[in-house]
Each structure stands twice: as structure tokens, then as C-alpha cells.
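Trainee: Sending over a structure as C-alpha cells; questions will come in a sec.
Residue numbers (the numbering used here), protein chains in the order written: chain A, 1 to 82; chain B, 101 to 182.
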């Protein structure tokens with residue numbers, strides 16, 4: 001069966017996020033003042049062929065560990081959809 | 101009140117996603133064969149000071165339209181958390 005898996009890869013909370021800071025500055029320049037913090041990461045959707053939802057999640061976890069997320073700077077969260 | 105808003109910005113479904121294709125190739129090279137499609141976009145969290153949830157969502161929508169998403173190539177989805 002085919003499973004759709006979403007992975008969110010975000011900069012660790014204790015680290016600065018320069019891209020987010022730059023976007024916050026850009027929003028200020030556009031007149032949007034009420035945004036107090038911006039953090040930017042990656043959103044990845046995988047379509048995985050697997051025998052069960054648990055197996056698909058394991059594959060997504062392996063993909064995140066091996067390639068998608070850099071644990072020194074990022075954390076990831078996996079969400080199964082339908 | 102402060103609201104946490106999540107925005108997902110993804111490449112339009114009808115467009116190729118070269119970054120996703122490259123990551124799929126990388127996963128194959130690492131021995132992960134069962135991933136059939138990969139799409140990569142941005143995940144953005146905003147912390148917004150607003151009077152109501154609806155007002156916060158409007159600000160996130162304006163930020164997406166003006167800066168975060170390029171409608172020619174991307175679509176976005178907004179989700180309020182807590």
C-alpha cells in the first residue's frame with residue numbers, strides 16, 4: 001500500500017535562525033509589524049510503498065536520520081496522513 | 101494575545117520539484133528504495149501578536165501573499181496551533 005508521510009525539519013529551538021530573522025525584517029519593511037518571531041524549516045512529503053503504516057513510518061524515520069535532517073542543527077517530526 | 105501559526109509552502113502539484121527528485125535519488129543511493137515520490141517545500145512558524153485568532157490568521161495570510169509564497173510556483177496552507 002502507498003502511504004503519504006509528512007516530515008517537518010526545523011532548526012533547533014536553541015539556535016538562531018538567520019533565514020527566519022531575515023524574513024521577519026522583510027515583513028516589517030512591508031508594514032507587517034505584529035509578527036514577533038519567524039522560524040523557517042523544510043516541509044517534506046514522501047510517498048512510501050510499504051506493508052503497514054508502521055513500516056512506512058520506519059522508512060520515513062530512516063530517511064530523516066540518514067539524509068533529510070542534520071541532527072546537529074535540526075529536529076524533525078513525522079506525521080502520517082490518511 | 102500571541103498566536104502560533106504554521107504555514108506550509110509547497111511547489112504546485114503540476115510542477116516538477118527538482119529538489120525533491122534529487123532527494124529521492126539520494127535516498128535510493130542510501131538503499132531506501134520504497135520511496136516513490138518526494139516533494140520539498142518550506143515550513144514556517146510565525147508568532148503573531150493579535151487580538152483574535154481570526155486577526156492572526158489574516159496577518160499570516162497577508163505575509164504569505166506578500167512575501168512567503170510565490171503564487172506562480174507555490175501554494176500555501178495556514179494552520180493555527182493551540
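Cβ coordinates follow ideal geometry from the N, Cα and C atoms, glycine included.
Treat the numbers as computed from the prediction; the structure is a model and nothing was measured.
(1) For residue 54 of chain A, is the beta carbon positioned less than 7 angstroms from some heavy atom of the ligand PLP?
(2) Measuring only the C-alpha atoms, how far is residue 68 of chain A from residue 105 of chain B?
(3) Are the segment 47-59 of chain A and the segment 154-161 of chain B touching by the rule of at least three beta carbon pairs closer than 8 angstroms?
(4) Anyone know if the C-beta pair for residue 32 of chain A and residue 163 of chain B falls short of 8 angstroms?
(5) Counting only beta-carbon separations shorter than 8 angstroms, does residue 134 of chain B have a partner in chain A?
(6) Starting from the beta carbon of residue 159 of chain B, find every residue of chain A whose beta carbon is closer than 8 angstroms, and list them in chain order.
(7) Kindly indicate which residue of B:175, B:128, B:147 has the alpha-carbon position closest to the one of residue 136 of chain B.
(8) Name the one or two DSSP bridge partners that residue 54 of chain B has.
(9) Shortest alpha-carbon distance to residue 73 of chain A belongs to which of A:8, A:14, A:2?
(10) Taking C-beta pairs closer than 7 angstroms, name the residues in chain A that residue 141 of chain B reaches, listed in chain order.
(11) Is residue 178 of chain B close to chain A, meaning its C-beta is less than 8 angstroms from at least one C-beta of that chain?
(12) Can you give the Cα-Cα distance for residue 144 of chain B and residue 9 of chain A, rounded to whole angstroms?
(13) Run through DSSP, which three-state label would residue 53 of chain A get?
(14) Could you tell me the distance, in whole angstroms, from the CA atom of residue 171 of chain B to the CA atom of residue 102 of chain B?
(15) Short check: CB of residue 59 of chain B to CB of residue 42 of chain A, under 8 angstroms?
Mentor: Well, looking at it:
(1) This structure simply doesn't include the ligand PLP, nor any ligand for that matter.
(2) Using only the alpha carbons, I get a separation of about 23 angstroms.
(3) The segment 47-59 of chain A makes no contact with the segment 154-161 of chain B; the number of CB pairs closer than 8 angstroms stays below 3.
(4) Yes. Within cutoff.
(5) Under the Cβ distance rule, residue 134 of chain B counts among the residues neighbouring chain A, one pair being separated by less than 8 angstroms.
(6) Residues of chain A passing the Cβ test: 32, 34, 35.
(7) It is B:128.
(8) With chain B running from 101 to 182 in the structure shown, residue 54 of chain B is simply not present.
(9) Ranking A:8, A:14, A:2 by Cα distance to residue 73 of chain A puts A:14 first.
(10) Think of a sphere of 7 angstroms around the beta carbon of residue 141 of chain B: the chain A residues whose beta carbon falls inside it are 43, in chain order.
(11) Among the residues facing chain A, residue 178 of chain B is not included, as its CB has no counterpart in that chain under 8 angstroms away.
(12) If I take the Cα positions, the gap works out to 10 angstroms.
(13) Helix at residue 53 of chain A.
(14) Distance between the alpha carbons of residue 171 of chain B and residue 102 of chain B is about 28 angstroms.
(15) In this structure chain B extends from 101 to 182, so residue 59 of chain B is not present and cannot be described.
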